[in-house]
Amino acid sequence: MEAEDVGGTHIKYLYHCRRQLWLFLRGIRPEHLNATVQLGEAVHDTTYSRHSPVDLGAARLDFVDGQKWVHEVKSSSRPTAADEAQARHYCHRLHRVGVDAQGAVLHYPKTRRTKKLIYTEQDATQAEADITAVLATAALPVSPPRLARSACRGCSFTDYCWTE
Numbered sequence: 001m002e003a004e005d006v007g008g009t010h011i012k013y014l015y016h017c018r019r020q021l022w023l024f025l026r027g028i029r030p031e032h033l034n035a036t037v038q039l040g041e042a043v044h045d046t047t048y049s050r051h052s053p054v055d056l057g058a059a060r061l062d063f064v065d066g067q068k069w070v071h072e073v074k075s076s077s078r079p080t081a082a083d084e085a086q087a088r089h090y091c092h093r094l095h096r097v098g099v100d101a102q103g104a105v106l107h108y109p110k111t112r113r114t115k116k117l118i119y120t121e122q123d124a125t126q127a128e129a130d131i132t133a134v135l136a137t138a139a140l141p142v143s144p145p146r147l148a149r150s151a152c153r154g155c156s157f158t159d160y161c162w163t164e
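Okay, so the sequence shown: first residue is 1 according to UniProt numbering, each after it adds one.
This is the structure:
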């Protein structure tokens, strides 16, 4: 795996659970069976449908507006560190291909809220560190330890981590 192969899902899983990231990198992908993931896909498909997604290879952004703001639609009701890291990663990817993204706007249709994040040099440094962390996790010979069970509620990888 190379730095260019790191996408938004990798970053999201890095912040949520490194074991989840490690399993995903090895082709274990039970997300399509998870009701929460299906809800997220439905929210994504029915919200802001007039905008075209931006495909950057490993990263797929919901859309970028005329002022170069990345927009991401989230199915959760409140921002998380994973959401912000994913948005930061998308801004970083755009900068690497010559598009000076201003930052990101996270949309939470469930609560009708948005969160605006300005992209800074500090964010660029953190985005590089996140890519390095994903690559380090990918290189691990065995999976990272699982989180406390309470952190796994709703996770589509629960069966892989908790089945004895």
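From the three backbone atoms N, C-alpha and C, an ideal C-beta is built for every residue, glycine too. As the structure is a prediction and not an experimental result, all values here were calculated from the model.
Return the chain-ordered list of same chain residues with a C-beta closer than 6 Å to the C-beta of residue i, the five sequence neighbours on each side being excluded.
i, result
"GLU4", "none"
"PHE24", "TYR13"
Please confirm if residue i has its CB atom under 8 Å from at least one CB of chain D.
i, result
"PRO30", "The question asks about chain D, but that chain is absent: this structure has only one protein chain."
To which residues of the same chain is residue i closer than 8 Å at the C-beta, ignoring the five residues directly before and after it?
i, result
"ALA101", "VAL64, LYS68, TRP69, VAL70, TYR90, CYS91, LEU94, HIS95, TYR119"
"TRP22", "THR137, ALA138, LEU140, SER143, PRO144"
"PRO53", "ARG60, LEU61, ASP62, PHE63"
"TYR160", "LEU23, ILE28, PRO30"
Using the three-state DSSP reduction, which class does residue i fall into: helix, strand or coil?
i, result
"GLU2", "coil"
Closer than 7 Å by C-beta to residue i: which residues in its own chain qualify, once you throw out the five before and the five after it? Chain order, please.
i, result
"ALA58", "GLU4, ASP5, VAL6, GLY7"
"HIS16", "ALA82"
"GLU84", "LEU117"
"ASP130", "ILE11, LEU14, ALA85, HIS89"
"ALA133", "LEU14"
Taking the C-alpha atoms as reference points, what is the distance between residue i and residue j?
i, j, result
"HIS44", "PRO141", "Residue placement at HIS44 is poorly supported in this model, since its pLDDT is 49, which falls under 50; the coordinates are not used for a value here."
"VAL105", "MET1", "29 Å"
"SER150", "ALA136", "26 Å"
"ARG60", "TRP162", "31 Å"
"THR125", "LEU56", "20 Å"
"SER77", "GLY154", "15 Å"
"LYS115", "GLY98", "24 Å"
"GLN122", "GLY103", "12 Å"
Would you say residue i touches the ligand SAM, meaning its beta carbon is less than 7 Å from a heavy atom?
i, result
"ALA101", "Questions concerning the ligand SAM fall outside what the structure shown contains, since it holds no ligand whatsoever."
Contiguous alpha helix (DSSP H) assignments of at least 4 residues, all confined to the UniProt domain "DUF83" (8-162): 8-16, 18-25, 35-46, 81-96, 121-138, 158-162
Check whether the stretch 139-155 and the stretch 108-124 touch, using three or more Cβ-Cβ pairs below 8 Å as the test. no
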